[in-house]
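**Q** My structure is below; once you've seen it, I'll send some questions.
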Amino acid sequence: MHNAEKFYAPKRSLGQNFLCDPQICQRIVAAIPAAPDAPILEIGPGRGALTRILHNRPGALFVLEKDKELVRWLRSCFPRVGVILGDGLRFCWEQTAAMPGLSLVGNLPYNVASPMIWDMVCRCRGWQSMVFMVQKEVGLRLTAPAGSRAYGALSAWVASFATPSYLFTVPPHVFRPQPKVDSAIVCFRPHPAPAWNEQQELAQLLKRLFQQRRKQLGTILKADWGDALRLWCAEHDVDRTVRPEMLNPEQLRSLSRVLSK
Ligand code: SAM
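Under the numbering used here, the first residue of the sequence shown carries the number 300, and numbering increases by one thereafter.
Structural data, given as structure tokens:
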């Protein structure tokens with residue numbers, strides 16, 4: 300085993316900001332709400348800052364890494380860990396159904412964290428939890444309640460599948476190289492399988508509404524306005540002049556159902 304720091308220069312294109320503070324790593328691992336023998340999948344293990352703590356647990360450990368060089372190094376360092384060479388943006392998350400009670404963890408590359416979480420969260424049936432490090436601003440958006448400034452399509456989407464929480468802020472000096480901004484640790488507890496299937500309709504509606512978030516609901520949905528929407532507004536006590544950010548995830552789901560009829 301050789302020292303990864305000496306041999307592998309960080310690749311900017313893969314968002315490689317490596318953690319170098321063992322205390323922060325311990326804190327992230329301790330934040331995973333999983334029993335010690337529950338299986339874990341780490342996304343983007345890099346030079347193994349979290350992996351070396353996780354692999355001491357009795358539970359099965361898998362890691363998914365896109366960087367081929369690091370995958371070779373990880374396989375030689377952690378022979379008991381299932382090291383998968385792959386891309387988290389294209390991964391078939393459904394494969395993980397074979398591991399009930401799986402928890403995910405990862406210090407995610409800043410540049411792909413939002414689309415990766417968007418994609419994962421709607422396919423996470425059966426997962427126990429997800430604990431991710433993301434850029435602080437993204438962490439605030441992921442966990443923002445309806446009506447707040449940071450609330451948007453990503454917040455409403457994620458909250459439709461899981462309960463998000465903002466755990467703590469991580470300063471730039473614990474990484475090499477150092478990023479320019481703060482990071483955040485966020486946790487998601489997936490809801491039991493939701494009783495609705497209109498994911499595509501919801502995704503389309505969220506994009507339509509939040510691309511024009513300064514406009515009123517009635518203006519954005521002008522082309523669809525009719526009895527069904529009037530009735531929906533009355534039932535939900537929503538005025539057509541509200542801005543999209545005032546609608547909570549449940550209201551947005553029911554609105555997408557009405558629009559898709
Ligand atoms: N976990 C390590 C740490 O905390 O020091 C590394 C974190 S670094 C911010 C992100 C890691 O994700 C890198 O190892 C990078 O190669 C990997 N990565 C980047 N894009 C990826 C993708 N699409 N799928 C899987 N891993 C990816």
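Beta carbons: idealized from backbone N, C-alpha and C, even for Gly.
This one's a predicted model, so the numbers in the text were calculated from it and none came from an experiment.
Would Ile-315 pass as a contact of Pro-408 if the rule is Cβ separation under 9 Å?
**A** Strictly speaking, residue 315 in this sequence is Gln, with Ile absent from that position. Cβ distance < 9 Å, so Gln-315 and Pro-408 count as in contact.
**Q** Could you check where the alpha helix (DSSP H) with Phe-509 kicks off and where it finishes?
**A** Run containing Phe-509: 498-509, per the alpha helix (DSSP H) assignment.
**Q** Express the C-alpha separation of Gly-451 and Gly-343 in angstroms, rounding to a whole number.
**A** Those two C-alpha atoms are separated by around 26 Å.
**Q** Identify whether Met-419 lies in helix, strand or coil by the three-state DSSP scheme.
**A** Here Met-419 sits in helix by DSSP.
**Q** Less than 9 Å separating the beta-carbons of Leu-516 and Leu-508?
**A** Yes, these two residues count as a Cβ contact at 9 Å.
**Q** Find the nearest neighbour of Gln-434 within the set Arg-539, Trp-456, Tyr-465, judged by alpha-carbon distance.
**A** For Gln-434, the nearest C-alpha among the options comes from Tyr-465.
**Q** Skipping 5 residues on each side, what residues in its chain have a beta carbon closer than 8 Å to that of Gln-325?
**A** Contacts found: Ile-352.
**Q** Regarding Cys-324 and ligand 1, is the C-beta to nearest heavy atom distance less than 8 Å?
**A** The answer is yes for Cys-324.
**Q** Helix, strand or coil: how does DSSP classify Asn-410 here?
**A** Three-state DSSP puts Asn-410 in a helix.
**Q** Given the structure, does Asn-496 come close to ligand 1, in the sense that its CB is under 8 Å from one of the ligand's heavy atoms?
**A** No; taking the cut-off as 8 Å, the Cβ of Asn-496 has no heavy atom of ligand 1 nearer than that.
**Q** Between which two residues does the beta strand (DSSP E) holding Pro-476 run?
**A** Run containing Pro-476: none; DSSP gives neither H nor E here.
**Q** Tell me the DSSP secondary structure of Gln-325 in three-state form.
**A** Helix.
**Q** Identify whether Arg-488 lies in helix, strand or coil by the three-state DSSP scheme.
**A** Arg-488 falls in the strand class under three-state DSSP.
**Q** With three or more beta-carbon pairs closer than 8 Å as the criterion, would you say the region 438-449 touches the region 374-383?
**A** The region 438-449, when compared against the region 374-383, does not touch it at the 8 Å Cβ threshold.
**Q** Measuring alpha carbon to alpha carbon, tell me which of Thr-540, Asp-536, Lys-560 ends up nearest Ser-550.
**A** A small correction: the amino acid at residue 550 is Gln; Ser does not occupy that position in the sequence shown. Out of Thr-540, Asp-536, Lys-560, Asp-536 has the C-alpha closest to the C-alpha of Gln-550.
**Q** Say yes only if the C-beta of Asp-366 is nearer than 8 Å to one or more non-hydrogen atoms of ligand 1, and no if none qualify.
**A** It does: the Cβ of Asp-366 is within 8 Å (strictly closer) of some heavy atom of ligand 1.
**Q** Tell me the rounded alpha-carbon separation between Ala-337 and Met-432.
**A** Roughly 20 Å between the two C-alpha positions.
**Q** Going along the chain, which residues of its own chain have a beta-carbon closer than 7 Å to the beta-carbon of Val-437, five neighbours each way excluded?
**A** Excluding positions up to five away in sequence, the list reads Ala-412, Ser-413.
**Q** Just the C-alpha distance for Ser-402 and Trp-426, rounded to the nearest angstrom, thanks.
**A** So the alpha carbons of these two residues sit roughly 6 Å apart.
**Q** Within 8 Å: the Cβ of Pro-408 and any heavy atom of ligand 1?
**A** Pro-408 Cβ: within cutoff of ligand 1.
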